[in-house]
Each structure stands twice: as structure tokens, then as C-alpha cells.
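Just so you know, the sequence shown maps onto residues 123 to 495 in my numbering.
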Amino acid sequence: MIYYLGYFPGITKRRQSILAATNKMEYIYKSLLKCRKDVELVSCSVSSDKTGEVGCKKQLGERLKLRQFRTLGRKNKVINVLDRFLMKWQLFWYFIFHSRKTDTIIAYHSPLYCKVLTWLKRIKKWKFILEVEEIYGDVSGNVRLKKRELRICKSADAFIFPTELLSYAVNLRQKPYIVIHGTYQIEPDRRVRFHDGKIHVVYAGTFDPRKGGAIAAVAAGEFLPENYHIHIIGFGSEKDKKYLLDEIEKVSKKSKCTVTYDGLKSGEDYIRFIQSCDIGLSTQNPDAAFNETSFPSKVLSYLANGLRVVSIRIKALEQSAVNDLLFYYDKNSPQAIADAIKSVNLKILYDSRKRIFDLSENFIREIEALTQD
């Protein structure tokens with residue numbers, strides 16, 4: 123049996139989860155099912171509102187089960203602390219009574235339960251594969267957290283990483299690992315395009331000023347001609363959103379290029395919107411510590427939908443399997459971003475979906491080998 127531990131939204135969809143992480147975990151467990159593996163999803167997601175929920179186990183398919191634990195609801199700070207403790211307690215005893223030495227545990231890296239898993243590893247002796255997407259201490263600038271994370275990694279038998287660079291930083295004992303940059307899910311062409319004679323450029327993602335991507339995309343509009351349209355879609359706090367809208371207004375007053383905020387898109391709406399565009403932007407702060415180890419998930423999303431991609435040049439992308447498909451800029455300035463956008467020749471034959479398909483086939487073979495008994 124393979125147990126896959128992470129933050130799955132659950133049956134009622136009233137539990138906390140992060141869409142990008144959930145999508146990648148879904149892709150990984152579906153790849154395991156293609157290898158004819160029996161998989162049980164173990165969810166540590168707590169309630170996203172005040173309503174508590176009981177734990178349950180549900181059969182989701184012939185070889186797929188979901189186990190979720192009791193959660194108290196998000197009522198106040200005291201209950202929230204108790205809820206986290208209860209979640210770790212339930213997780214510990216569930217694996218004590220249900221897992222065997224012959225099982226494999228894949229765990230999405232999280233400070234909440236990784237320490238519990240190190241205890242369980244010592245007791246149960248099963249194969250422990252740690253999926254590490256990023257070092258949270260790098261993102262937050264918390265040195266103590268980073269040290270704890272690196273200690274936790276020592277107990278893993280193998281790893282799943284988004285980049286080779288993260289393996290260099292974390293896998294100090296050179297244990298077995300595989301790399302999956304993100305979700306290799308090809309989206310068929312919906313045949314939706316803007317028919318206004320313009321070149322449409324999209325930035326999809328967070329408005330978080332620490333990452334700086336949305337504002338950089340807006341600023342580039344000042345240096346683009348009138349046959350370009352920059353679309354911003356994504357999410358952020360009300361404060362970040364207001365700042366973004368103010369920047370769009372400022373740029374629009376002095377630019378011939380059209381710059382618009384088009385809201386938050388998800389699911390089919392997201393796919394159809396980005397497929398209506400020509401170029402995807404992966405603009406972010408190149409000096410942020412997490413750039414050394416994390417892979418921008420939006421890059422794969424753009425490629426899976428057939429878009430050209432303009433990105434800041436970072437090692438995680440240069441050393442990736444999609445490096446040759448990307449259009450880079452080196453200087454983090456609006457002018458440099460605009461120049462890179464203008465350098466994209468849309469008349470040249472381009473098939474990014476074929477590369478994503480090949481990566482998917484290769485990953486299935488690798489995950490099957492990594493999880494062999």
C-alpha cells in the first residue's frame with residue numbers, strides 16, 4: 123500500500139488546501155494509479171470555516187481511498203491550536219495501527235506533521251518518500267525553520283523534488299530522488315482566441331509584493347506598443363489588489379499598450395482565458411531566496427496550454443527540462459521585460475504540449491521505479 127499524506131480538500135470541500143499543491147498531488151497520485159499501485163490519500167487539512175467535521179474513510183476508486191481526520195473548526199485562537207494538536211495526534215495513531223513495514227509513505231513536506239513522521243519512521247520502519255516543493259524557511263526568511271526542515275529531510279529514504287537545485291540543497295546524503303517540475307497535464311486546444319489583431323500577454327498568479335511578478339508585468343506595459351494587451355489574473359490580499367489596480371491606472375495613462383486586471387480565474391474559466399492569450403509571463407523577484415530551489419508552476423501551466431513563455435532567467439529554469447522553450451530576460455526592469463515580450467516570434471511553429479507529454483510519460487516510469495518494494 124502507498125499512503126500519500128498531504129492537504130487534500132476532502133469530500134465536503136470545506137477544508138483548507140492550496141490549489142497549486144492540490145493539483146500537483148492529484149497529478150502524482152493519478153500517475154501512481156496508472157502504475158497499478160494501491161493508494162490511500164491521508165488528508166491533514168483542517169476546516170476552512172467555523173464548522174467542524176468528523177473523520178471518515180471513503181473509497182474513491184478501485185485502487186484509491188481517502189482518509190480524513192476529525193477537525194474542530196476555525197473558531198478562535200485556542201481552538202485553532204487545539205485543532206492542530208488533534209490533527210497530529212490522530213495522524214500518529216492512525217499510522218501506528220494501520221501502516222506496516224512493507225508500506226510506502228509519500229508525504230508532502232509540511233512543518234505541521236514532518237516531525238511526527240520522523241517518529242513514525244523510527245517505529246514503523248516503512249519506506250518514507252518526502253515530496254519537498256520548497257524550503258519554507260527560505261520563503262519566510264526564517265533561519266530556525268530552515269534548520270528544522272533540513273533536519274527532517276535526513277529521515278527520508280527518497281525524495282520528490284521540483285528542481286535539481288533543490289536536491290543539491292536538501293539531499294546531502296545523495297539518496298534516491300526524482301524531479302517533477304509541476305503538473306504535466308496537457309490541456310487540449312479550446313480554439314478560443316481574441317480576434318482584435320493584438321498580441322495578448324497574460325500574467326497569472328499571486329499579487330504578493332515579495333514575489334513581485336504582477337507589478338513587474340504591469341510596469342512592462344509602458345514600453346510596449348499599442349498592438350499589445352497585458353492581462354493580469356490571479357489573487358492577493360485586498361491591500362495588494364488595490365496597489366495593483368493603482369499601478370495599472372498609472373501605467374495606462376502613459377502607455378499605448380492596454381493593461382487590464384481580469385479577475386481571479388479557476389478551472390475551465392482559467393484554461394479558456396489563458397488559451398485565448400499568446401504569451402505567458404513568469405515575472406518575479408530574481409533575488410528572492412526561494413528562486414534558487416523552487417520551480418515557477420505557472421511556467422508549466424502556460425506550456426501545457428500552448429503558450430510561449432517569457433521569464434526572468436533563474437537557475438531553476440535554466441537547468442530544467444523546458445529551458446529551450448523559454449524566452450528569457452536578464453535585467454529585472456520593465457524595459458527588459460518588454461523587450462523580451464517583443465522578441466517572441468509568434469509565426470514560428472511551436473508545440474510545447476509535445477514536451478509536456480514526454481515529461482509525463484517519463485515521470486510515470488520514474489515514480490513506478492521509486493516506489494518499488
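Using N, Cα and C, we set each Cβ at its ideal position, and we do this for glycine too.
Any non-hydrogen atom of the ligand GDP within 7 Å of residue i CB
i	result
Val314	The ligand GDP is not part of this structure, which contains no ligands at all.
Buried versus exposed, by CB contacts within 10 Å (16 or more), residue i
i	result
Arg266	exposed
Trp248	buried
Ser262	exposed
Asn427	buried
Glu253	buried
Val431	buried
Gly132	buried
Ser465	exposed
Lys453	exposed
Tyr290	exposed
Cys178	exposed
Leu429	buried
Gly259	buried
Ile218	exposed
Distance CB(residue i)-CB(residue j) smaller than 8 Å
i	j	result
His353	Asp384	yes
Leu213	Tyr235	yes
Val176	Arg196	no
Glu488	Ile370	no
Val87	Arg137	Nothing about residue 87 can be read from this structure; the chain reaches only from 123 to 495.
Tyr125	Ile227	yes
Leu194	Asp205	yes
Gly356	Asn407	no
Phe485	Ile302	yes
Ser416	Pro233	no
Ile282	Ile257	no
Glu344	Pro456	yes
Leu492	Pro310	no
Lys199	Val238	no
Other residues of its chain near residue i: CB distance less than 7 Å, five sequence neighbours each side excluded
i	result
Thr305	Asn145, Lys146, Tyr149 and Leu422
Lys223	Lys246, Lys247 and Trp248
Arg315	Ser398
Asp362	Phe329, Asp330 and Pro331
Three-state secondary structure assigned by DSSP to residue i
i	result
Cys236	helix
Arg244	helix
His353	strand
Arg487	helix
Gln397	helix
Cys178	strand
Gln190	strand
Same chain, Cβ closer than 6 Å to residue i, neighbours up to 5 away in sequence not counted
i	result
Ala458	Tyr451
Thr127	In the sequence on display, residue 127 carries Leu and not Thr. The residues are Val164 and Ala229.
Beta-carbon proximity list for residue i, same chain, < 8 Å, skipping 5 on both sides
i	result
Lys477	Note on identity: in this sequence residue 477 is Arg, with Lys being the wrong assignment. Taken in chain order, the residues that qualify are Leu425, Ala443, Val444 and Leu447.
Ser433	Leu403, Ser404, Thr405, Pro418, Val421, Leu439, Leu448, Phe449, Tyr450 and Tyr451
Leu155	Val161, Gly183, Arg185 and Leu186
Thr382	His351, Ile352, His353, Ile354 and Ile370
Quick check: the segment 308-328 against the segment 391-407, are at least 3 beta-carbon pairs closer than 8 Å?
The answer is yes - the segment 308-328 touches the segment 391-407, with three or more Cβ pairs under 8 Å.
Would you call the segment 268-283 in contact with the segment 237-245, where contact means no fewer than 3 C-beta pairs closer than 8 Å? Segments in contact, yes.
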